[in-house]
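Just so you know, we're using UniProt numbering here: the sequence shown kicks off at 1 and counts up by one. To keep things clear, I will list the structure first and then write my remarks on it.
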Amino acid sequence: MIQSMTGYGKAVIQLPSKKISIEIKSLNSKSLDLNARVPSTYREKELQMRNKLAKSLMRGKIDFSLYIETNGDAISTQVNEEVVAAYMKQLGNVADGDPVDLLKMAIRMPDALKTEREEIDETEFKAILEGIDEALEAINKYRSDEGAVLKADFEKRIHKIAALLEAVIEVDPQRIANVKERLNKALSDLKEKVDENRFEQELIYYLEKYDITEEKVRLQNHLEYFLESLSSKDSNGKKLGFITQEIGREINTIGSKSNFAEMQQLVVQMKDELEKIKEQALNVL
């Protein structure tokens, strides 16, 4: 079953001292383009998280965000009391002032605050990995739902092209008769006697150049193969893209050989449907 490359997934984890939010967004891309926003504490674990995302999402422009909010009990920045007291003493020696004013100035001085580097809590990281799994499940469901919508649209347009192909087949005898009529009229306008056998041979050769039997058969096969690929086990947007190229090649050949206004109009409609399929196929995983 096909999947869309567009998706969104989110997970929120509530720990005793922290709230962890995980967001994953994806758009279409020719390959995997993964952008991760991770707190500095977890930089050393970023590769592990990237590998987990890449294995599940495979392709697309992916934005991964990990947000960690701490409550008051878990803050890592502390007031360096000794340094602040020293600053206040020095400031008091320079000029008399209210202790509150001295404190306001001292707290802005270098090293007034100290930040202790947090070590990774393995229990917390395990919860983060579980949250990533939850977000991945959500985004993959989103992708599958979008894929079902794409599949329905593809089927509708492929059936429309197939119906137009049937119309081409119906008007083909009329086209051949029209070509013969035009050739006979052109010959009669010359008012010259010609060898009937030779004329028939030339006519057959001329009509063979405009024969579209092979193109009709191949186009029908490509349309059926496209529908089969939509229901295959794996989603393969690149494969669908290759099939649309083959479909387009046959439609173009029919158009170049048609030499008949009614058939050319049908070919234009087929091309229009195919272009819409190509645009949507770019978003298939």
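In this text, a Cβ means the ideal position worked out from N, Cα and C, and glycines have one as well.
Let me make sure I understand the geometry here. Which of the options has the alpha-carbon closest to that of residue i?
i: V223; options: K257, V267, R175 and L274; result: One detail in the question is off: residue 223 reads as Leu in this sequence, not Val. The option with the nearest alpha carbon to L223 is L274.
i: K55; options: E44, P39 and D33; result: D33
i: Q174; options: D211, A106, A135 and K19; result: D211
i: F226; options: E124, K151 and M270; result: K151
i: Q280; options: Y142, E82 and G237; result: G237
i: V100; options: P110, Y87 and N28; result: Y87
i: Q3; options: S144, K180 and L219; result: S144
i: D234; options: G248, V284 and Q269; result: V284
i: G131; options: L53, S31, I176 and A261; result: L53
i: A167; options: E119, Q269 and G248; result: Q269
i: S31; options: S65, I176, M5 and E122; result: M5
i: K180; options: Q265, K89 and E208; result: E208
i: M1; options: P16, I128, A148 and Q264; result: A148
Should residue i go down as buried or exposed, given a rule of 16 or more other Cβ atoms within 10 Å for buried?
i: D172; result: buried
i: R43; result: exposed
i: residue 289; result: The structure shown does not extend to residue 289, since the chain is modelled only from 1 to 285, so the question has no answer here.
i: L102; result: buried
i: F242; result: exposed
i: Y67; result: exposed
i: M105; result: exposed
i: A135; result: buried
i: E250; result: buried
i: S40; result: exposed
Residue i and residue j look like a contact to me (Cβ under 8 Å); what is the Cβ gap, rounded to whole Å?
i: L240; j: S231; result: Contact doesn't hold; Cβ gap of about 12 Å is too wide.
i: I24; j: G9; result: 5 Å
i: K45; j: F125; result: 6 Å
i: S26; j: L47; result: The pair is not a contact, with the Cβ atoms about 19 Å apart (cut-off 8 Å).
i: Y142; j: G255; result: At roughly 39 Å, the Cβ-Cβ gap does not stay under 8 Å, so Y142 and G255 are not in contact.
i: K276; j: R157; result: 6 Å
Could you name the residues that DSSP lists as bridge partners for residue i?
i: T70; result: K18
i: A36; result: F64
i: V79; result: L113
i: S4; result: V284
i: E23; result: K10 and S65
Does residue i have its Cβ less than 9 Å from a Cβ in chain B?
i: I251; result: Going by chain labels, chain B is absent from the structure shown, which holds only one protein chain.
Taking contact to mean at least 3 C-beta pairs separated by less than 8 Å, is the region 93–113 in contact with the region 58–69? Result no; under three Cβ-Cβ pairs closer than 8 Å.
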